[in-house]
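Engineer: Heads up, the sequence shown is in this note's numbering, so the first residue is 573 and it goes up one at a time. Cβ coordinates follow ideal geometry from the N, Cα and C atoms, glycine included. Keep in mind the model is a prediction, meaning the values are calculated, not measured. Have a look at this one.
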Amino acid sequence: MSQEVWEGLFSEVGINLTPSPIRELVKYMKRPGMISLAGGNPDPEIFPVKEFQEAAGVISERGKEILQYGGTGGYEPLKEFISGWMAPRMGRVTAPGEMCITTGSQQVMDLFAAVMLDPGDVVIVEEPTYPGATHALKNRKARFIT
573 MSQEVWEGLF SEVGINLTPS PIRELVKYMK RPGMISLAGG NPDPEIFPVK
623 EFQEAAGVIS ERGKEILQYG GTGGYEPLKE FISGWMAPRM GRVTAPGEMC
673 ITTGSQQVMD LFAAVMLDPG DVVIVEEPTY PGATHALKNR KARFIT
């Protein structure tokens, strides 16, 4: 099928999707010595490398279990741990069923926009704003006030 035929099958939202602005920023973040907060990337010096090495060792013991797909709401034992950890800090119990473990702010923004926004809704944002957030919101046709 030609690209034209495929594009005729896209939804209105699909037609208006735009590439992530973070992709454009990545080329600048690769410069030596650059610590860019523009793309939401953390300082590599704070990465828990030792802890990841230890976790990698667990894969040799439990790899088939660890590498298997899990539920889309997150790993249940982690949700149970977070529930117990949060209760004294938040002053209430948050049940594991009330949680959704995500892979980062971009996924949260997309889920939020999908659930909470209708096309044309107004969102108040600070300036400057994280480009990943505005990208997720624009894809849902939100309008911005800064």
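Label Met-688 either buried or exposed according to how many other C-beta atoms from any shown protein chain fall within 10 Å of its C-beta, with 16 as the threshold for buried.
Structural biologist: By one-based count along the sequence shown, residue 688 stands at place 116. Classification for Met-688: exposed.
Engineer: Which partner residues does Arg-715 have in the DSSP bridge list?
Structural biologist: Counting from one through the sequence shown, the residue named residue 715 turns up at place 143. Answer by DSSP bridge pairing, in chain order: Val-694.
Engineer: Report yes if the CB atom of Ala-659 is closer than 9 Å to the CB atom of Ala-685, and no otherwise.
Structural biologist: By 1-based counting over the sequence shown, the position of residue 659 is 87. By 1-based counting over the sequence shown, the position of residue 685 is 113. Going by C-beta atoms, Ala-659 is not nearer than 9 Å to Ala-685.
Engineer: Using a 10 Å radius around the Cβ and a threshold of 16 neighbouring Cβ atoms, would you call Gly-642 buried or exposed?
Structural biologist: Taking the sequence shown and counting its residues from 1, the one referred to as residue 642 is at position 70. With fewer than 16 other Cβ atoms within 10 Å, it is exposed.
Engineer: Among residues of its own chain, excluding the 5 on either side of Ile-717, which ones have a beta-carbon nearer than 8 Å to its beta-carbon?
Structural biologist: Numbered from 1 along the sequence shown, position 145 holds the residue referred to as residue 717. Excluding sequence neighbours, Ile-717 sits near Val-694, Val-695, Ile-696, Val-697.
Engineer: Find out if the Cβ-Cβ distance for the pair Ile-618, Pro-703 is shorter than 9 Å.
Structural biologist: On the sequence shown, residue 618 is found 46 positions in, with the first residue counted as 1. On the sequence shown, residue 703 is found 131 positions in, with the first residue counted as 1. No; because the gap between Cβ atoms is not below 9 Å, this pair is not in contact.
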